[in-house]
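Residue numbers (full-length UniProt numbering): 1 to 99.
We put the CB at the ideal spot given by N, CA and C, even for glycine.
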């Protein structure tokens with residue numbers, strides 16, 4: 001899901017910058033209530049800075065493992081619905097069980 005979504009909204013360089021950011025500070029994103037531990041972080045896309053940004057949802061499973069779960073432009077969606085959070089919570093449990 002993430003790979004398809006990120007290809008539609010960001011360049012490879014923008015994705016690499018996000019990855020560097022998360023490697024340097026993996027707990028940077030805000031915890032999202034009701035998801036079992038997912039975090040959200042804003043990602044600058046294009047030349048518009050945070051106004052032209054995307055939201056990336058990820059799981060910090062361990063100090064060394066980060067799962068990039070979902071990405072969407074903030075202009076199209078501001079936050080997750082309760083139904084989406086419930087589905088993502090199931091995914092979070094599966095990912096944590098793999099670690």
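The alpha helix (DSSP H) enclosing residue i, as first and last residue numbers
| i | result |
| --- | --- |
| residue 4 | 2–9 |
| residue 23 | 12–24 |
Rounded Cβ spacing between residue i and residue j (contact assumed at less than 8 Å)
| i | j | result |
| --- | --- | --- |
| residue 21 | residue 28 | 7 Å |
| residue 54 | residue 9 | 5 Å |
| residue 59 | residue 15 | About 17 Å; that fails the 8 Å criterion. |
| residue 35 | residue 92 | 6 Å |
| residue 5 | residue 72 | 6 Å |
| residue 66 | residue 40 | Not a contact, Cβ separation roughly 13 Å. |
| residue 69 | residue 38 | 7 Å |
As assigned by DSSP and simplified to three states, the class of residue i
| i | result |
| --- | --- |
| residue 82 | helix |
| residue 87 | helix |
| residue 77 | coil |
| residue 63 | coil |
Limits of the unbroken beta strand (DSSP E) element including residue i
| i | result |
| --- | --- |
| residue 39 | 38–44 |
| residue 105 | For residue 105 there is no data in the structure shown, the boundaries of the chain being 1 and 99. |
| residue 71 | 66–73 |
| residue 54 | 53–60 |
Where residue i falls, given that 16 or more other Cβ within 10 Å makes a residue buried
| i | result |
| --- | --- |
| residue 1 | exposed |
| residue 81 | exposed |
| residue 99 | exposed |
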